[in-house]
Amino acid sequence: MTKTLNGRAARESADVVILGAGPAGLVLGNLLQATGVDCVVLERSSRARVESRARAGFLAPNTVRILERHGLADRLRTHGHLHGSCEFRTEDVRFRLDYENLGKEERHTVYPQQNLVADLIAHYLRAGGRIHWETEALAVLDAERERPYVTARQVDGRPGRWDGRFIAGCDGRWGAARRSLPAGAVHHHHDHGVSWLGLLAEAPPSLDAVGYALHGRGFAGHMARGPQVTRYYLQCPRGTHPEAWSEERIWAELGLRMGAERHGPLTEGPILERGVVDLECDVVEPLRHGSLLLAGDAASLTAPAAAKGANLAVLEAELLAGALTDALTRGGTGALDSYSARCLAHIWRAQEFTAWMTRLLHATPDGLFHASLRRARLESLRTSRAHQDWFAENYVGV
Ligand code: RFL
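All residue numbers for the sequence shown refer to my numbering, where the first residue is 6 and numbers rise by one.
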């Protein structure tokens, strides 16, 4: 219930105040709503913006199982595409790993993140969930006390206050939850020292696999997003402006790095979106500070090289929903107490594999020694079944 104070500030309360309507916040909201826990979501952007923000696309089998378990996977099951193959290319070799036949024999589901987010919003609102759009959380206060609260700026610019028993920080890397952490929080940060020009092209995929090209001029990547849309990545110098490359130069460079002349041309099309991503990662420890709990990118950022971020967000949201429901409906605090340690075990596994992938994919300026290590690693992956099984298990797992 929202009350207006003196015609200016609004004040509202809920058992759980969720910051952020991304995959983490929305899965959490849906799961709490389903168990009858009173919650509210505050989202800085508009609904239209959140539902059109293209990001992840590769969902791990465990993510799909979680969404299925809670009745959140109907559209994903009918509109998603199963995907179980990736291809590595260098100037000398080209080989394919059908990871659906390796390791635990599992596949990704390709389903754009913005579609998943739209599904989660629709489901949450249908169940009576509350979301305040264009409401930016400014700070989380009194997290170490019994009644924490969030201050926010509402869509019309008025201040607002949301009181809760718990605050779920699902507002990403630059959100209010991270800014409100106490001094004791440990923030691990690592810069992989590599940047990508990330592109979304209105063009059907050029190959029926994820493509990783390790070229002397830098990495190039190819990932299907749907029958008519493909994501491409080009390693670029740090500080590159997204508009610095013309479409002509982009397609020429992609063709060159992916060996189009030898392996077949790329299907070109207009570039719908572009952005530069610096491959960085970080982890906040612990994920719980009194009644403030972090999930998703707010807890840990993984470089997009191994497609783990959205998958971790969904996994953590399920664990957090169970822990909060237990605490609020049964008074059990065991799951809340172990929430951080359980998530961190998954987070560090994902960080380790992402760092491995990042080192494999990129030419770095440290010269011949590193280049020879990359060649040896790739050769091991090409020829060793044990290495391939390890890769497959980590590639599709969280
Ligand atoms: P999100 O999705 O960033 O959502 C956070 C939400 O919080 C809002 N917000 C605030 N709201 C209120 N008050 C504030 N002060 C706020 N500050 C922020 C934001 O508007 C937003 O709506 O975080 P969440 O839910 O933790 O989900 C994380 C994922 O979005 C992210 O990890 C993935 O997109 C990463 N990622 C990928 N992950 C995968 O698992 N598979 C992939 O294939 C994959 N591809 C990618 C990716 C990330 C990419 N970018 C962004 C670099 C490809 C790319 C290009």
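Every residue, glycine too, gets a C-beta built ideally from N, C-alpha and C.
Treat the numbers as computed from the prediction; the structure is a model and nothing was measured.
#1: Is it the case that the CB of residue 47 approaches a heavy atom of ligand 1 more closely than 7 Å?
#2: Going by the CB atoms, is the gap between residue 212 and residue 448 shorter than 8 Å?
#3: Who pairs with residue 92 in a beta bridge, going by DSSP?
#4: Note down, in chain order, each residue of its chain lying with its Cβ closer than 8 Å to the Cβ of residue 12, except the 5 sequence neighbours on either side.
#5: Would you check whether ligand 3 has a heavy atom nearer than 7 Å to the C-beta of residue 241?
#6: Which residue marks the beginning of the beta strand (DSSP E) containing residue 290, and which one marks its end?
#7: Expressed to the nearest angstrom, what Euclidean distance is found between the alpha-carbon atoms of residue 132 and residue 125?
#8: Is the separation between the beta-carbon of residue 119 and that of residue 158 shorter than 8 Å?
#9: CA-CA distance, residue 235 and residue 189?
#10: Thinking C-alpha only, which one of 152, 294, 300 and 218 is nearest residue 178?
#11: Quick check on this structure: which residue in 91, 44, 60 and 127 has the alpha carbon closest to the alpha carbon of residue 80?
#12: According to the Cβ coordinates, are residue 122 and residue 31 closer than 8 Å?
#13: Just confirm the distance between the C-beta atoms of residue 261 and residue 222, as a whole number of angstroms; I'd bet it's less than 8 Å.
#14: If distances are taken between C-alpha atoms only, which option among 381, 18 and 400 comes closest to residue 166?
#15: What separation, rounded to the nearest whole angstrom, lies between the Cα atoms of residue 265 and residue 87?
#16: Below 8 Å, how does it come out for the stretch 388 to 400 and the stretch 99 to 112: are there three or more Cβ pairs, yes or no?
#17: Spell out the partners DSSP gives residue 167 in its beta bridges.
#18: Going by C-alpha distance, which of 258, 187 and 91 is nearest residue 292?
#19: Helix, strand or coil, according to DSSP, for residue 119 in the structure here?
#20: Going by C-alpha distance, which of 283, 89, 253 and 316 is nearest residue 65?
#21: Please classify residue 153: is it buried, with 16 or more other beta-carbons within 10 angstroms of its beta-carbon, or exposed?
#22: Flag this pair as yes or no: are the beta carbons of residue 329 and residue 45 separated by less than 8 Å?
#23: Out of 269, 353 and 200, which has the shortest C-alpha to C-alpha gap to residue 193?
#24: Please identify the residue among 39, 351, 170 and 243 whose C-alpha is closest to the C-alpha of residue 305.
#25: Of the choices 162, 403, 145 and 378, whose alpha-carbon is the least far from that of residue 171?
#26: Is it the case that the Cβ atoms of residue 21 and residue 198 are separated by a distance below 8 Å?
#27: Should residue 356 and residue 288 be called a contact, given that it needs their Cβ atoms to be closer than 8 Å?
#28: Mind checking whether residue 24 and residue 155 have CB atoms under 8 Å apart?
#29: Between which residues of its own chain and residue 324 is the CB-CB distance below 7 Å, once the five residues before and five after are set aside?
#30: Report yes if the C-beta of residue 397 is less than 7 Å from at least one heavy atom of ligand 1; otherwise report no.
#31: Skipping 5 residues on each side, what residues in its chain have a beta carbon closer than 7 Å to that of residue 372?
#32: Expressed to the nearest angstrom, what Euclidean distance is found between the alpha-carbon atoms of residue 129 and residue 48?
#33: With a 10 Å radius around its C-beta and 16 neighbouring C-beta atoms as the bar for buried, classify residue 176 as buried or exposed.
#34: With DSSP collapsed to three states, give me the class of residue 228.
#35: How long is the line joining the alpha carbons of residue 67 and residue 35, rounded to whole angstroms?
#36: So, helix, strand or coil for residue 368, using DSSP?
With the given structure in hand:
#1: Locating residue 47 in the sequence shown gives position 42, counting from the first residue. Because some heavy atom of ligand 1 lies under 7 Å away, the Cβ of residue 47 counts as near it: yes.
#2: Outside the shown range of the chain (6 to 403) lies residue 448, about which nothing can therefore be said.
#3: For the purposes of this step, residue 92 is taken as residue 87 along the sequence shown, with counting starting at 1. Within the DSSP secondary-structure output, residue 92 pairs in a beta bridge with 101 and 216.
#4: Along the sequence shown, read from residue 1 onward, the residue named residue 12 stands at position 7. For residue 12, the predicted structure reports a pLDDT of 48, less than 50, and the residue's modelled location is therefore unreliable. The matter cannot be settled from this model.
#5: Among the ligands present in this structure, namely ligand 1, ligand 3 is not found.
#6: To locate residue 290, count along the sequence shown from 1; it is residue 285. Note, residue 290: beta strand (DSSP E), 276 to 290.
#7: Locating residue 132 in the sequence shown gives position 127, where the first residue counts as 1. Locating residue 125 in the sequence shown gives position 120, where the first residue counts as 1. Between residue 132 and residue 125, the C-alpha separation is close to 11 Å.
#8: As a working note, residue 119 is residue 114 in the sequence shown. As a working note, residue 158 is residue 153 in the sequence shown. Contact flag unset, no.
#9: For the purposes of this step, residue 235 is taken as residue 230 along the sequence shown, with counting starting at 1. For the purposes of this step, residue 189 is taken as residue 184 along the sequence shown, with counting starting at 1. The alpha-carbon atoms of residue 235 and residue 189 are separated by roughly 43 Å.
#10: The sequence position of residue 178 within the sequence shown is 173, counting from 1. Checking every option, the nearest Cα to that of residue 178 belongs to 300.
#11: Locating residue 80 in the sequence shown gives position 75, where the first residue counts as 1. 127 is the residue among 91, 44, 60 and 127 whose C-alpha sits nearest the C-alpha of residue 80.
#12: Taking the first residue of the sequence shown as 1, we reach residue 122 at position 117. Taking the first residue of the sequence shown as 1, we reach residue 31 at position 26. With respect to residue 31, residue 122 sits close: the two C-beta atoms are nearer than 8 Å.
#13: Here residue 261 corresponds to residue number 256 of the sequence shown, with the count starting at 1. Here residue 222 corresponds to residue number 217 of the sequence shown, with the count starting at 1. Sure, about 7 Å apart at Cβ, within 8 Å.
#14: One-based indexing of the sequence shown puts residue 166 at position 161. Scanning 381, 18 and 400 for the CA closest to the CA of residue 166 turns up 18.
#15: Position 260 of the sequence shown, counting from 1, holds the residue named residue 265. Position 82 of the sequence shown, counting from 1, holds the residue named residue 87. Distance from the CA of residue 265 to the CA of residue 87, rounded to the nearest whole angstrom, comes to 25 Å.
#16: The stretch 388 to 400, when compared against the stretch 99 to 112, does touch it at the 8 Å Cβ threshold.
#17: Reading the sequence shown from its first residue, position 162 is the one you call residue 167. In DSSP, residue 167 forms a bridge with 17 and 155.
#18: Taking the first residue of the sequence shown as position 1, residue 292 is located at position 287. From the listed residues 258, 187 and 91, the smallest Cα separation to residue 292 is found for 187.
#19: On the sequence shown, position 114 is the one that residue 119 refers to. The three-state secondary structure of residue 119, taken from DSSP, is helix.
#20: For this step, residue 65 is matched to residue 60 along the sequence shown. For residue 65, the nearest C-alpha among the options comes from 316.
#21: Counting from one through the sequence shown, the residue named residue 153 turns up at place 148. The Cβ neighbour count for residue 153, taken over all protein chains shown within 10 Å, is at least 16; the residue is labelled buried.
#22: The sequence position of residue 329 within the sequence shown is 324, counting from 1. The sequence position of residue 45 within the sequence shown is 40, counting from 1. For the pair residue 329 and residue 45, the CB atoms are not nearer than the 8 Å cut-off.
#23: What you label residue 193 is simply residue 188 of the sequence shown in a count that begins at 1. Of the candidates 269, 353 and 200, the one whose C-alpha sits nearest the C-alpha of residue 193 is 353.
#24: Looking up residue 305 in the sequence shown gives position 300. Measuring from the Cα of residue 305, the nearest candidate turns out to be 351.
#25: Along the sequence shown, read from residue 1 onward, the residue named residue 171 stands at position 166. Residue 145 is the option with its Cα nearest to residue 171.
#26: Mapped onto the sequence shown, residue 21 falls at position 16. Mapped onto the sequence shown, residue 198 falls at position 193. With a cutoff of 8 Å on beta-carbon distance, residue 21 and residue 198 are scored as not near each other.
#27: The residue you call residue 356 lines up with position 351 of the sequence shown. The residue you call residue 288 lines up with position 283 of the sequence shown. Cβ distance < 8 Å, so residue 356 and residue 288 count as in contact.
#28: Translated into the one-based positions of the sequence shown, residue 24 becomes position 19. Translated into the one-based positions of the sequence shown, residue 155 becomes position 150. The answer is yes: Cβ separation under 8 Å.
#29: As a working note, residue 324 is residue 319 in the sequence shown. Excluding residues within five positions, the ones whose Cβ falls inside 7 Å are 344, 347 and 348.
#30: One-based indexing of the sequence shown puts residue 397 at position 392. For residue 397, the Cβ stays outside the 7 Å cut-off from all heavy atoms of ligand 1.
#31: Indexing the sequence shown from 1 puts residue 372 at position 367. Shown here for residue 372: not one same chain residue has a beta carbon closer than 7 Å to its own, the five before and five after excluded.
#32: Taking the first residue of the sequence shown as 1, we reach residue 129 at position 124. Taking the first residue of the sequence shown as 1, we reach residue 48 at position 43. Approximately 14 Å, taken between the alpha carbons.
#33: In the sequence shown, counting from the first residue as 1, residue 176 sits at position 171. Residue 176 comes out buried.
#34: Residue numbering aside, residue 228 sits at position 223 when the sequence shown is read from its first letter. In the structure shown, residue 228 falls within a strand segment according to DSSP collapsed to helix, strand and coil.
#35: Along the sequence shown, read from residue 1 onward, the residue named residue 67 stands at position 62. Along the sequence shown, read from residue 1 onward, the residue named residue 35 stands at position 30. Answer to the nearest angstrom: the Cα atoms are 18 Å apart.
#36: Counting from 1 along the sequence shown, the entry for residue 368 is found at position 363. Residue 368: coil per DSSP, three-state reduction.
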